[in-house]
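Chemist:
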Amino acid sequence: MHLFLLGVSHRTASVDLRERLDFSSRDVGAASEALAARSSAAESVVLSTCNRSEIYIASGDPARARDELVAFLSDYHQLPRDVFLPHLFVHDDVEAARHLFRVAAGLDSLVVGEPQILGQVKDAFQAAAERHCTGPLLSKTFHWAFGVGKRVRNETALGEGAVSVSFAAVALARKIFGRLHGRRVLLVGAGEISALTAQHLRSHGVAEIVITSRTPAHADALAAEVAGHTVPWAEMRQAMARADIVLTATGSQRPIISRQDVEAATGRRRAEPLFIIDVAVPRDVDPAVTEIEQVFLYNVDDLRGIVQENLARRGAEIAHAEAIVAEELSRFTAWQRSRRAIPTVVALRQRFDDIRRAELQRLEIRLSSLSPEARARVDEVTRLIVEKLLLEPTEQLKALPDEETQAAYTEAVSRLFRLGDGEAAEPADDETEATPADRRRE
Amino acid sequence: MNVLPLVLYAAAGVAYAIHFARRHPQAGRIATTLLIFAALAHTFVIGMQTMEVRHVPFANPSRAVSTFVWLLALSYLYLESTTDERAMGVFIMPILTGLQTIPALSPGIERMDPVLDSPWFWVHVSSLLFAYASFALAGVLGLTYVVQFKEIKKKHLGYFYTRLPSLQTLDVMNSRAVTVGWLFLTVGVAVGAIWTAQARVLAPNDPNLQAMSLNDPKVLIAVITWGVYSFAVLARQTMGWTGRRAAWLSALGFAIVLLNFLPINYFVTTSHTF
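Set out below in structure tokens:
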């Protein structure tokens, strides 16, 4: 059974093509199911975000699976295959696992280390698992990937520091005020960054968002968007006196908030800090405001500077995260190798057990005089002997260091015990767990 | 006897430093565990000394320092457990370790002047030691507040920005530590004054008691300390002296406390033998 991956991502395809191959707008679980119904793949998971559409499958025949997947993509999205074929990337086995691990770690994201991808990978797996499209191989691989994502998050600073202006503003607010519950926000002027920032602040539990704008219609629109309320432009100073966080984004050509304005406001608010974020260009707030004790003033360039620093810091953590991926990948391949030994192990056990049963059968006449307890004992003892004899060879076979050695050993064992002869010649891939295809057949 | 807690405090300090620099949660948990063991060992030491001399051992400077360290460790552990914030440990541990070397190197002999044998004495000294432990915490919180404030104000978000708790958290913790410390300081000073008056009646010829007045540097500085912290508490309530001003005040206050505690104890002759 092989792991196989086929897909497009922001690295290989334009937004336009990614949109046309997107599964997430529809139900990804249903997509996995549709795929499972028509392909030979035993297991499948569809991962679809705005930056990627990827299909992971476990298949005994990757070449055939590839053709089936291309046909599936073409039919499902009603796109001629020539449109997307040049943008597809294809990985199998170790490379497919490496890709999934890097995706889960946030290393393959457009913004390196962005935190949502791990959740999206989990959701994709969950959706497929709910439709019984996953089996032992994908289950193990995806859970391993979750572990990689978690390790990278805990052990590196890859996801740390805000990488957008609005998040940087919220992070600063939290560093000044701690929890933002109960804090009051004043938005002066309405713009895209103020709307985004206000939404982030709202999600952090601020108590009140007040909006004022020279154009009341803009203020009303923004108020509806962020669940705030408006005050007339003339009352801006009073509103500032009540606010903890002030965000300005007007189109004014000259500063609209002077040092005196802020001093009047802070005078009334005793010594609680005031955080002013000026995202307007040209600036809305007189830079001298920063000289007032307890007032923190950041403009859009300051915030961009923080974002740049954070991005640089994340960049420095990439090597660390890649090292974790590499380490986990080598463990994962060791696990896969041990798994590949399973058919041989099963056949070997079968062979030994057959011999044991045959011998017991041969002795049947002599054993028949024994009491049932004694016969059970004989059966038990012979079974234990076989198990003990096989324990060490089994462990050794699973722990072989590389594929070639493993193939050689498997070959040798098969020949020594003539495993190719009996009915256990081509044993099932997995000894215990049935594949989803099997389950569906049942 | 004071060496084991010293070693454990130092080990906890190393773990807190690793936790702070690398921001590794595991190191933080190890640090807290080590500190808990240090505090337990210290409790045992102080318990033994109490059994030995039949009162809490602080009638000589070294043992008073040891008791102060113990109280500070407990206060810090309380702060950490209530706020789930370990960043302060790296600043507190050097104080604990540094001061603990004094009793570890010179244990001192506990000899009790009979005039001191009074419950008043016990209340006086333990209140003051606890107040000083609170002020130590407040001082460290104040200094870290100033560092953090500066980084945010100057828009230079560096090493401390990513490691320290928010300004608000630091300010609230500082306020609590100062208030608690001030309450105990007030009790300690008041009890000291009342008890001196009583003792004078009982032992009118004791030279130490005669010298206990504002002319005694120890007493004078204690009163100044009380003045500084009273101002800090009052100014926060009525004048809005929060944030950086409060932070500086608590750092200044603790500097005075340290001055009173160490050089004056050891180098200046005062009526207080500890």
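Protein chains in written order, with this note's numbering: chain A, 6 to 447; chain B, 966 to 1239.
Even for Gly, the Cβ is constructed at its ideal location relative to N, Cα and C.
Could you check where the alpha helix (DSSP H) with H7 of chain A kicks off and where it finishes?
Modeler: Segment H7 to S14 is the beta strand (DSSP E) holding H7 of chain A; no alpha helix (DSSP H) there.
Chemist: Determine whether the beta carbon atoms of H1089 of chain B and V1156 of chain B lie at a separation below 7 angstroms.
Modeler: Yes; because the gap between Cβ atoms is below 7 angstroms, this pair is in contact.
Chemist: Using the Cα positions of V1112 of chain B and S1215 of chain B, report the straight-line distance between them to the nearest angstrom.
Modeler: Whole-angstrom Cα-Cα distance: 14 angstroms.
Chemist: CA-CA distance, E392 of chain A and D358 of chain A?
Modeler: Their Cα atoms are separated by approximately 9 angstroms.
Chemist: CA-CA distance, T998 of chain B and S1140 of chain B?
Modeler: Spanning the two alpha carbons is a distance of roughly 27 angstroms.
Chemist: Do I1067 of chain B and S1040 of chain B come within 7 angstroms of each other at the CB atom, strictly closer than that value?
Modeler: No, these two residues do not count as a Cβ contact at 7 angstroms.
Chemist: Mind checking the region 1190-1208 of chain B against chain A and listing, in chain order, the residues whose C-beta falls within less than 9 angstroms of any C-beta there?
Modeler: For the region 1190-1208 of chain B, which is checked against every Cβ of chain A, the residues closer than 9 angstroms are R1201, M1204, G1205, W1206, T1207 and G1208.
Chemist: From the DSSP secondary-structure annotation, give me the bridge partner or partners of S64 of chain A.
Modeler: Answer is A:H7.
Chemist: Tell me, please, which residues DSSP counts as bridged to T1 of chain A.
Modeler: In the structure displayed, chain A extends from 6 to 447; residue 1 of chain A sits before or after that span and is not available.
Chemist: Quick one: what's R189 of chain A bridged to in DSSP?
Modeler: According to DSSP, R189 of chain A bridges with A:E213.
Chemist: Since Q299 of chain A meets chain B, which of its residues come closer than 7 angstroms, beta carbon to beta carbon?
Modeler: G1208, listed in chain order.
Chemist: Which of the three DSSP states is assigned to P970 of chain B in this structure?
Modeler: Three-state DSSP puts P970 of chain B in a helix.
Chemist: How about the region 120-131 of chain A and the region 326-335 of chain A: do they share at least three Cβ pairs that are nearer than 8 angstroms?
Modeler: No, they do not touch.
Chemist: According to a CB-to-CB cut-off of less than 7 angstroms, which residues of the region 1127-1156 of chain B neighbour chain A?
Modeler: Correct list: S1131, L1132, Q1133 and T1134.
Chemist: Would you call T139 of chain A buried or exposed, if buried means 16 or more other Cβ atoms sit within 10 Å of its Cβ?
Modeler: The residue in question, T139 of chain A, is buried, as its Cβ has 16 or more Cβ neighbours within 10 Å.
Chemist: Spell out whether any CB of chain A is found under 7 angstroms from the CB atom of L1117 of chain B.
Modeler: Contrary to the premise, residue 1117 of chain B reads as Ile rather than Leu in this sequence. Output row for I1117 of chain B: interface = yes.
Chemist: According to DSSP, simplified to helix, strand and coil, what is T1109 of chain B?
Modeler: In this structure, T1109 of chain B counts as helix in the three-state DSSP scheme.
Chemist: Would you decide whether H234 of chain A is buried or exposed? Buried here means 16 or more other CB atoms lie within 10 Å of its CB.
Modeler: So H234 of chain A ends up on the exposed side.
Chemist: Any contact of the region 1199-1216 of chain B with the region 1103-1118 of chain B, i.e. 3+ C-beta pairs under 8 angstroms?
Modeler: Contact between the region 1199-1216 of chain B and the region 1103-1118 of chain B is present, because at least three Cβ pairs lie under 8 angstroms.
Chemist: DSSP has R57 of chain A in a bridge; who is on the other side?
Modeler: DSSP output for R57 of chain A lists A:S14 and A:T54 as bridge partner(s).
Chemist: Quick one: what does DSSP say F94 of chain A is sitting in, helix, strand or coil?
Modeler: Strand, per DSSP.
Chemist: Measure from the C-beta of K1183 of chain B to each C-beta in chain A and report whether the shortest distance is under 7 angstroms.
Modeler: Not an interface residue.
Chemist: If we count Cβ pairs, one from each stretch, closer than 8 angstroms, do we get three or more for the region 129-148 of chain A versus the region 288-295 of chain A?
Modeler: Too few Cβ pairs lie closer than 8 angstroms, so no.
Chemist: Let me know if A975 of chain B comes out buried or exposed under the rule of 16 or more other beta-carbons within 10 Å of its beta-carbon.
Modeler: A975 of chain B is buried by the Cβ-count criterion.
Chemist: Return the residues of the region 1099-1125 of chain B that lie within a Cβ-Cβ distance of less than 7 angstroms from chain A, sorted by chain order.
Modeler: Cβ contacts with chain A come from I1117, K1118, K1120 and L1122.
Chemist: Comparing C-alpha positions only, which one of A:E197, A:G256, A:L302 and A:A132 sits nearest to S169 of chain A?
Modeler: The residue with the shortest Cα to Cα distance from S169 of chain A is A:E197.
Chemist: Give the residues of chain B in contact with Y303 of chain A, contact being defined as C-beta atoms less than 7 angstroms apart.
Modeler: Within 7 angstroms Cβ-Cβ: K1120.
Chemist: Between the Cα of S263 of chain A and those of A:V300, A:D66 and A:H82, spot the shortest distance and give me the residue it belongs to.
Modeler: It is A:V300.
Chemist: Would you be able to state if there are at least three C-beta pairs under 8 angstroms between the region 89-101 of chain A and the region 36-53 of chain A?
Modeler: Judged by Cβ distances under 8 angstroms, the region 36-53 of chain A makes no contact with the region 89-101 of chain A, as fewer than three pairs qualify.
Chemist: Spatial neighbours of S171 of chain A within its chain, please: C-beta separation below 7 angstroms, excluding the five flanking residues on both sides.
Modeler: Excluding residues within five positions, the ones whose Cβ falls inside 7 angstroms are I198, L201, T202 and H205.
Chemist: What are the start and end residues of the alpha helix (DSSP H) that includes D306 of chain A?
Modeler: D306 of chain A -> alpha helix (DSSP H) spans V305 to R345.
Chemist: Any beta carbon from chain B within less than 7 angstroms of D307 of chain A's own beta carbon?
Modeler: For D307 of chain A, the answer is yes, since a Cβ of chain B falls inside 7 angstroms of its Cβ.
Chemist: Beta-carbon within less than 6 angstroms of E1050 of chain B's beta-carbon, same chain only, minus the 5 sequence neighbours each way: which residues are those?
Modeler: Closer than 6 angstroms at Cβ, skipping near neighbours: P1130.
Chemist: Could you compute how far the alpha carbon of D434 of chain A sits from the alpha carbon of A346 of chain A?
Modeler: Because the pLDDT at D434 of chain A is just 44, under 50, the model does not fix this residue reliably, and the value given afterwards should be weighed accordingly. Using only the alpha carbons, I get a separation of about 10 angstroms.
Chemist: Can you name the residues of chain B whose CB is closer than 7 angstroms to the CB of R179 of chain A?
Modeler: Those within 7 angstroms of R179 of chain A in chain B are S1131.
Chemist: Using a C-beta to C-beta distance shorter than 7 angstroms, which residues of chain B count as neighbours of A276 of chain A?
Modeler: Near A276 of chain A (Cβ distances below 7 angstroms), the residues of chain B are G1205, W1206, T1207 and G1208.
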